[in-house]
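Chains U and S, in that order, are what the protein sequence lines are.
Here the first sequence stands for residues 1 to 591, where the numbers follow our numbering.
Here the second sequence stands for residues 1 to 256, where the numbers follow our numbering.
One structure is given below, encoded as structure tokens.
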Amino acid sequence: MKNKICFCLLTIFLLYSKIFADISISASVDKNVISLDEQLTLQVVVSGDTTNIPQPNIPNLPDFQIYSSGRSQSISIINGQINSSVSFNYVLSPKHTGEFEIPPISVNYKGKIYQTEPIKIKVEKTTSQRQQRQIPIQHNVYQGKQRNIFVETFVDKKSAYVNEQITLTFRFYTRINLLSQPQYTPPDTTGFITEDLPPQKNYYTIIDGQRYYVSEIKTALFPATAGKFVIGTAIVKCVIEDFDTDDFFSDSFFKSFFSSGKEIILKSQPIEIDVLPLPQPQPQFFSGNVGKYEVEVSLDKQKLEQNETTFLNIKISGVGNIKSITMSKALIESFLGKNFLVYDPITSFDIKKESYLLKGNKTFKVPISPQVAGSLTIPDIKFVYFNPYTKKYETAISKSITLDVLPSTKQTQFAQQKIFQDNSQSKKLELEDIRYLKTEIKTRSIKSLNTDFYLIIQIIPILCWLSVRTYKLYREHRLKDIKKYRATIAFKIAKKEIKKVKRDEDFIERFYDIVASYLSDKIGISKEAVNIEEIKKFFKEKLTEQTYKEIISLWEELNFYRFAPTKAKDINFSEWRQKIINVLQKVEYEI
Amino acid sequence: MSYKKLNMKYKIIILFFLISISKICLSSNLLNEGIELYNSGKFSEARGKFLSLNNELLNKKLVSSEVLYNIGNCYFRENKLGFARYYYELAKLVNFHDKDINYNIKFIKKITGNEAEESFIEQISNFISFKETLILLFIFNILFFGSLIFENFVKMNILKLKWIKRISILFLLIFLVLSIFKYNYENQIKGIVLEQTDLLSAPEESSLNKSVSINEAKKVIILSEKDNFYAVYILQDKIQGWIRKHKVGKLVARSL
Chain U
1 MKNKICFCLL TIFLLYSKIF ADISISASVD KNVISLDEQL TLQVVVSGDT
51 TNIPQPNIPN LPDFQIYSSG RSQSISIING QINSSVSFNY VLSPKHTGEF
101 EIPPISVNYK GKIYQTEPIK IKVEKTTSQR QQRQIPIQHN VYQGKQRNIF
151 VETFVDKKSA YVNEQITLTF RFYTRINLLS QPQYTPPDTT GFITEDLPPQ
201 KNYYTIIDGQ RYYVSEIKTA LFPATAGKFV IGTAIVKCVI EDFDTDDFFS
251 DSFFKSFFSS GKEIILKSQP IEIDVLPLPQ PQPQFFSGNV GKYEVEVSLD
301 KQKLEQNETT FLNIKISGVG NIKSITMSKA LIESFLGKNF LVYDPITSFD
351 IKKESYLLKG NKTFKVPISP QVAGSLTIPD IKFVYFNPYT KKYETAISKS
401 ITLDVLPSTK QTQFAQQKIF QDNSQSKKLE LEDIRYLKTE IKTRSIKSLN
451 TDFYLIIQII PILCWLSVRT YKLYREHRLK DIKKYRATIA FKIAKKEIKK
501 VKRDEDFIER FYDIVASYLS DKIGISKEAV NIEEIKKFFK EKLTEQTYKE
551 IISLWEELNF YRFAPTKAKD INFSEWRQKI INVLQKVEYE I
Chain S
1 MSYKKLNMKY KIIILFFLIS ISKICLSSNL LNEGIELYNS GKFSEARGKF
51 LSLNNELLNK KLVSSEVLYN IGNCYFRENK LGFARYYYEL AKLVNFHDKD
101 INYNIKFIKK ITGNEAEESF IEQISNFISF KETLILLFIF NILFFGSLIF
151 ENFVKMNILK LKWIKRISIL FLLIFLVLSI FKYNYENQIK GIVLEQTDLL
201 SAPEESSLNK SVSINEAKKV IILSEKDNFY AVYILQDKIQ GWIRKHKVGK
251 LVARSL
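Right, dumping it as structure tokens:
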């Protein structure tokens with residue numbers, strides 16, 4: 001029950017707050033006293049707990065010319081409560097001197113009228129001192145005891161033709177330490193095409209005996225249409241030390257301990273620009289290009305077959321808004337006539353911004369295809385532009401080019417390229433630009449693109465060679481003491497040889513040979529020199545009595561059967577073979 | 001029972017066969033539809049078909065240079081040269097020697113004024129891919145070290161072996177140098193500027209940082225990255241700066 005009551009009360013409260021949502025309006029100017037050649041900024045702020053902020057009604061101001069310089073809105077939602085504030089900015093330019101009053105500015109919201117207080121303005125005559133360019137007084141500028149930080153914007157000309165470059169310069173002056181990177185919001189340039197003019201310049205300058213660090217940004221502006229336009233205010237937000245210079249604690253020692261920083265917003269003055277219309281009448285082939293240009297024409301191929309395609313390169317270079325240069329297919333067709341089929345041009349541009357002037361070139365690659373054989377001429381290509389320096393329309397003309405067109409050897413010499421529909425002949429043409437689509441696909445595994453395997457296998461041949469080399473060195477090392485080496489491998493060779501002996505051979509003689517070789521390797525003498533005395537002498541101390549007897553007995557038996565072959569026929573081959581291996585193994589083991 | 005099992009086996013095999021056939025048909029359908037749309041001048045729709053086909057292949061861990069090339073062609077027709085070059089370069093990663101891919105890349109470089117991107121050494125080493133260089137290096141590796149091993153064991157005509165050794169060591173050194181060069185080149189992460197953008201002097205969204213305007217389709221080396229920015233070196237203009245990540249297409253096989 002309690003919950004229900006709470007819910008009802010909350011709903012009533014919310015409805016009440018929604019129905020009785022309130023707004024407020026305030027107006028301010030950046031200065032109350034101005035000279036006749038100056039402008040003032042009128043800012044009307046309408047705020048309230050609604051998102052639908054109404055537009056203020058600006059009263060008739062016959063003593064001023066008034067321009068809107070845009071609006072900015074901020075919305076905040078705190079605990080579900082919407083607070084919206086819209087700032088409407090106007091630039092007022094006085095028509096004559098005197099004391100004037102901006103009447104109350106009103107806003108009508110849900111039938112209720114809200115209005116501001118009237119604002120008094122004094123317009124003085126232009127003094128010679130004021131006519132000199134001074135550092136403009138900033139709106140909302142942090143002043144401190146001295147002008148330590150401020151911004152300014154200015155243009156190289158206040159009157160320009162449509163599409164003529166106006167260079168806007170923004171400067172940020174500071175002679176105090178900043179506690180954060182300044183955040184720059186460029187001015188509103190509605191009505192202009194903008195192009196940045198890098199690089200940003202940083203330098204020191206001295207104004208009124210004070211040394212300032214200056215950051216300068218330039219922007220090229222190209223007016224889109226004729227009329228009066230206003231370049232809005234540029235804003236810089238930054239955090240500065242909030243110590244007063246006369247303060248006892250302004251000593252750098254204290255600063256480092258107590259400085260917390262203070263965010264300030266710097267704004268520049270809006271600038272009014274008078275954009276002049278281009279003179280009438282405009283000549284033929286003029287398509288709105290303003291600046292100073294030259295035109296160059298070249299062909300990719302000057303000798304080709306009928307219906308074959310080549311690129312006609314029209315390069316327009318000069319000073320002006322390069323990006324906006326246009327050269328339509330229809331215009332090119334009108335230059336080339338009926339002897340050529342013309343397709344949509346491919347455009348590319350190269351822009352340079354040397355000395356803060358936009359210059360460069362724009363190239364139109366036009367695929368063309370000669371329709372008749374013979375010696376054809378690409379006539380002069382005319383590029384008409386308005387030169388703002390001479391205030392006249394001028395024409396850049398290219399040199400004509402001749403090309404030899406041979407009769408077609410094929411019925412349709414069209415490469416496998418882009419397909420165009422030729423409306424006049426209703427046939428499909430393919431051109432030499434990029435290559436045609438792939439009509440068959442082959443797939444491969446993504447893993448196959450990995451090259452790690454091929455990197456790793458490079459080491460295999462090296463490892464093999466190193467292994468072989470190591471083994472060879474090891475063998476060479478062992479062969480240095482041949483006697484020892486023979487003794488080491490004696491049993492291995494003997495065992496191998498014994499296994500090779502066959503029953504049908506004169507096996508006793510073979511066994512004798514093998515045993516003699518083994519013993520000679522062990523004793524370190526030649527095979528012929530092996531006899532019972534040498535064996536006894538060598539093995540007596542080295543073997544156990546049992547093994548010693550066995551080896552002596554084996555040697556004597558082998559000698560006996562060697563010289564009594566008839567008796568040897570009765571002995572068991574396998575038993576003897578095993579017996580020799582066993583005895584030699586024992587000897588090997590004990591030695 | 002065994003008969004039933006056998007039947008089941010066949011059913012599964014037939015099912016697999018049918019699924020794979022239908023997938024192949026779907027792939028070839030997308031390709032044909034894309035080609036038809038392209039031929040009728042509907043490049044954006046054609047691109048959609050080729051991209052679907054590419055995604056289908058990627059799901060199967062496969063890649064096709066032809067599909068990537070076709071996507072590049074569609075972008076070219078839409079006058080999005082940055083994207084077009086990006087897909088051609090991806091296609092080149094898959095099929096290094098394809099004449100059409102190389103021609104189209106050269107063509108875009110020509111019309112966007114990016115012909116001087118590669119150094120002289122890069123240009124002359126472009127006749128062979130890194131993988132092929134490694135394969136040839138391996139072959140001459142085997143020949144050289146094989147001849148050294150052979151020398152130890154086989155008493156063959158020493159004169160013949162000497163010549164094999166000399167020739168193989170010569171080519172081994174050539175391909176070793178080429179491999180090291182290509183390895184360093186391949187290890188640089190490269191990218192293509194997809195759309196015209198600003199080159200910034202710091203990785204922050206501020207007009208104060210603007211340095212120059214960069215045209216689309218330029219090849220860049222990605223040096224490092226921070227937040228939403230790549231530090232890049234622009235090969236054509238020989239300048240360095242920061243570009244927003246979404247304006248650059250990374251050229252690595254993994255990005256396929």
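Just so it is clear, CB atoms sit at the ideal spot from N, CA and C, and this is done for glycine as well.
Positions of the beta strand (DSSP E) runs, each at least 3 residues long and wholly inside the stretch 180 to 250 of chain S, are given as 189 to 193, 197 to 200, 210 to 214, 219 to 226, 229 to 234 and 239 to 244 in order along the chain.
Contact between Pro-277(U) and Ala-226(U) holds: their C-beta atoms lie close to 4 Å from each other, under 8 Å. Thr-233(U) and Gly-191(S) have their C-alpha atoms roughly 38 Å apart. Contact between Ser-215(U) and Phe-150(U) does not hold, since their C-beta atoms are separated by about 12 Å, which reaches or exceeds 8 Å. Among the CB atoms of chain U, none fall inside 7 Å of the CB of Thr-197(S).
Going by beta carbons, Lys-109(S) and Glu-118(S) fall outside the 7 Å limit. Leu-554(U): not part of any beta strand (DSSP E); member of the alpha helix (DSSP H) spanning 545 to 563, first to last residue. By the rule that beta-carbons nearer than 7 Å mark a contact, Leu-161(S) does not touch chain U.
A straight-line Cα-Cα distance of about 12 Å links Val-248(S) and Arg-85(S).
A straight line joining the alpha-carbon of Glu-440(U) with that of Ile-135(S) spans about 28 Å. Scanning the stretch 164 to 224 of chain U for uninterrupted beta strand (DSSP E) segments of 3 residues or longer gives 166 to 174, 183 to 185, 192 to 207 and 210 to 223, listed from N- to C-terminal end. By alpha-carbon distance to Ser-35(U), the top candidate from Val-107(U), Lys-125(U) and Ile-58(U) is Lys-125(U). Exclusion of the five residues before and after Tyr-233(S) leaves Val-220, Ile-221, Leu-223 and Gln-240 as the residues of its chain whose Cβ lies within less than 7 Å of its Cβ. The DSSP assignment places 65 to 77, 81 to 94, 99 to 111 and 120 to 124 as complete runs of the alpha helix (DSSP H) inside the stretch 59 to 137 of chain S, in order along the chain (cut-off: 4 residues). Looking only at Gly-48(S), Tyr-185(S) and Leu-148(S), the smallest Cα-Cα distance to Ile-169(S) is reached by Leu-148(S). For Asn-582(U), no beta strand (DSSP E) run applies; the uninterrupted alpha helix (DSSP H) run containing it begins and ends at 573 to 590, by DSSP. Residues of the stretch 188 to 216 of chain U with a Cβ closer than 9 Å to any Cβ of chain S, in chain order: Glu-195, Asp-196, Pro-198, Pro-199, Gln-200 and Ser-215.
No Cβ of chain S is located within less than 7 Å of the beta carbon of Tyr-343(U). When secondary structure is reduced to three states using DSSP, Phe-335(U) falls in the helix class. Under the Cβ criterion of 7 Å, Pro-367(U) is not counted among the residues facing chain S.
At least one C-beta of chain S is nearer than 7 Å to the C-beta of Ile-441(U). The Cβ neighbour count for Thr-309(U), taken over all protein chains shown within 10 Å, is at least 16; the residue is labelled buried. In terms of beta-carbon proximity, Ser-324(U) stays away from the interface with chain S, with every pair separated by 7 Å or more. Counted as a single uninterrupted DSSP element, the beta strand (DSSP E) harbouring Ser-26(U) occupies residues 23 to 29. DSSP, read as helix, strand or coil, puts Tyr-518(U) in helix. Thr-377(U) sits in a strand when the DSSP states are folded into three classes.
At a cut-off of 4 residues, the continuous stretches assigned as alpha helix (DSSP H) that sit fully inside the stretch 457 to 541 of chain U are 459 to 479, 482 to 500, 507 to 523 and 532 to 539. Just so you know, the alpha carbons of Asp-513(U) and Asn-141(S) end up roughly 47 Å apart.
For Asn-152(S), the C-beta contacts it makes with chain U under 7 Å involve Val-468 and Lys-472, in order along the chain. With a threshold of 16 other beta carbon atoms within 10 Å, Asn-215(S) meets it and is buried. When Cβ-Cβ separations below 7 Å define contact, Arg-435(U) makes contact with chain S.
Counting the other CB atoms within 10 Å of its CB gives Pro-565(U) a total below 16, which places it among the exposed residues. In chain order, Gly-291, Lys-292, Tyr-293 and Glu-294 place their CB closer than 6 Å to the CB of Gly-318(U), counting only its own chain and leaving out the 5 sequence neighbours on each side.
Using a Cβ-Cβ cut-off of 7 Å, Val-252(S) does not count as an interface residue toward chain U, since no Cβ of chain U sits closer than that to its own. The count of Cβ pairs closer than 8 Å, one atom from the stretch 358 to 372 of chain U and one from the stretch 262 to 272 of chain U, stays below three, leaving the stretches out of contact. Under the DSSP assignment, Asn-313(U) falls in the beta strand (DSSP E) whose first and last residues are 310 to 320.
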